[in-house]
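With my numbering, letter number 3 in the sequence shown gets 3, and the count goes up by one each step, no holes.
The structure under discussion appears below in the form of structure tokens.
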Amino acid sequence: MSKILVPPKNNWFYELAVVASYSEKELEKTFLQITDAIFPGYFVSQFNFTFEGFDVDTGKKPDALMIRKDYSEWWIVEIETSEDRFAHVESQVKVFSKPIFEVNLLLDYTIKTFKENKTNLDKAKTKELFENVAPKALVIVDYIKPSWANSLKSFAQICELQLYMDSEGNSAYKLRGEYPI
Numbered sequence: 001m002s003k004i005l006v007p008p009k010n011n012w013f014y015e016l017a018v019v020a021s022y023s024e025k026e027l028e029k030t031f032l033q034i035t036d037a038i039f040p041g042y043f044v045s046q047f048n049f050t051f052e053g054f055d056v057d058t059g060k061k062p063d064a065l066m067i068r069k070d071y072s073e074w075w076i077v078e079i080e081t082s083e084d085r086f087a088h089v090e091s092q093v094k095v096f097s098k099p100i101f102e103v104n105l106l107l108d109y110t111i112k113t114f115k116e117n118k119t120n121l122d123k124a125k126t127k128e129l130f131e132n133v134a135p136k137a138l139v140i141v142d143y144i145k146p147s148w149a150n151s152l153k154s155f156a157q158i159c160e161l162q163l164y165m166d167s168e169g170n171s172a173y174k175l176r177g178e179y180p181i
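Structure below.
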């Protein structure tokens with residue numbers, strides 16, 4: 001079990017996965033609530049656009065999209081719990097690492113979705129980004145299984161987001177692995 005001590009009150013924060021269970025949707029919700037703090041250089045939104053892949057016969061929908069605030073890179077984000085089947089995660093990440101999409105459809109969906117989440121993107125810069133820069137794939141998971149990390153490293157960066165809580169219901173978060181800064 002992992003725990004964190006926060007002085008001067010000597011509050012102990014306990015790893016939530018050890019003392020309670022949470023769903024993938026709860027992990028997604030937490031990620032979206034704290035993105036301003038953990039990824040301050042990015043615009044981030046929940047995202048459900050369908051991307052097609054070269055060697056997959058069905059479209060895949062990510063959980064979030066991140067656009068660097070200087071419009072120099074973008075990330076397709078998949079959020080999973082370590083309880084998910086690896087084959088499910090791998091098939092999604094393969095699509096997100098080299099997605100097939102029609103730029104104008106993606107652009108319209110992105111502008112609309114981010115605006116609904118209180119972020120007004122520059123449409124011309126976003127279009128230029130989608131046309132000229134390949135996306136990167138990021139997997140956010142509550143626990144990095146070594147087998148996942150080894151298998152996914154050629155497709156995506158993998159970041160562990162651990163949730164902690166103290167006895168008073170206050171939250172803390174731990175990031176580990178690879179992620180954009």
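Glycine included, C-beta positions come from ideal geometry on N, C-alpha and C.
Checklist entry - Between which two residues does the alpha helix (DSSP H) containing A37 stretch? => result Within the sequence shown, residue 37 is the residue found at index 37, counting from 1. Residues E24 to I38.
Checklist entry - Using the C-alpha atoms, what's the distance from L163 back to V133? => result Along the sequence shown, read from residue 1 onward, the residue named residue 133 stands at position 133. Along the sequence shown, read from residue 1 onward, the residue named residue 163 stands at position 163. V133 and L163: Cα-Cα distance of roughly 33 angstroms.
Next on the checklist: On the CB-based measure, 16 or more other CB atoms within 10 Å of its CB, does K60 come out buried or exposed?
Outcome noted: Locating residue 60 in the sequence shown gives position 60, counting from the first residue. With 16 or more other Cβ atoms within 10 Å, it is buried.
Next on the checklist: Using CA atoms only, rank isn't needed, just tell me which of K94, V139, P146 and D108 is closest to E178.
Outcome noted: Working through the sequence shown from its first residue, we reach residue 178 at position 178. For the residues K94, V139, P146 and D108, the minimum Cα distance to E178 belongs to V139.
Checklist entry - DSSP puts R85 in a beta bridge; with which residues? => result As a working mapping, residue 85 is identified with position 85 in the sequence shown. For R85, which the question treats as bridged, DSSP gives no partner whatsoever.
Item to check | Spatial distance of L106 from K118 (CA atoms) | outcome: Taking the first residue of the sequence shown as 1, we reach residue 106 at position 106. Taking the first residue of the sequence shown as 1, we reach residue 118 at position 118. The alpha-carbon atoms of L106 and K118 are separated by roughly 18 angstroms.
Checklist entry - Touching or not, the stretch 77-87 and the stretch 20-31, by the rule of three or more beta carbon pairs under 8 angstroms? => result yes
Next on the checklist: For I100 and S151, what's the separation of their Cα atoms in angstroms?
Outcome noted: Taking the sequence shown and counting its residues from 1, the one referred to as residue 100 is at position 100. Taking the sequence shown and counting its residues from 1, the one referred to as residue 151 is at position 151. If you take the alpha carbons of I100 and S151, they lie about 22 angstroms apart.
Checklist entry - So, helix, strand or coil for S45, using DSSP? => result Locating residue 45 in the sequence shown gives position 45, where the first residue counts as 1. DSSP places S45 in strand when its eight states are reduced to three.
Checklist entry - Considering only residues of the stretch 132-168, which uninterrupted alpha helix (DSSP H) runs meet the minimum length of 4 residues and lie entirely inside it, listed in chain order? => result 146-152
Item to check | E128 versus F39 - alpha carbon distance | outcome: Start at 1 with the first residue of the sequence shown, and residue 128 comes out as number 128. Start at 1 with the first residue of the sequence shown, and residue 39 comes out as number 39. Their Cα atoms are separated by approximately 22 angstroms.
Checklist entry - Is F54 buried or exposed, if buried means 16 or more other CB atoms sit within 10 Å of its CB? => result Here residue 54 corresponds to residue number 54 of the sequence shown, with the count starting at 1. Sixteen is the threshold: since fewer than 16 other Cβ atoms of the shown chains lie within 10 Å of the Cβ of F54, the residue is exposed.
Checklist entry - Hey, A37 and Y143 are a contact pair by Cβ (cut 8 angstroms); roughly how many whole angstroms apart? => result Taking the first residue of the sequence shown as 1, we reach residue 37 at position 37. Taking the first residue of the sequence shown as 1, we reach residue 143 at position 143. Actually they are not in contact, since the Cβ atoms of A37 and Y143 sit about 21 angstroms apart, beyond 8 angstroms.
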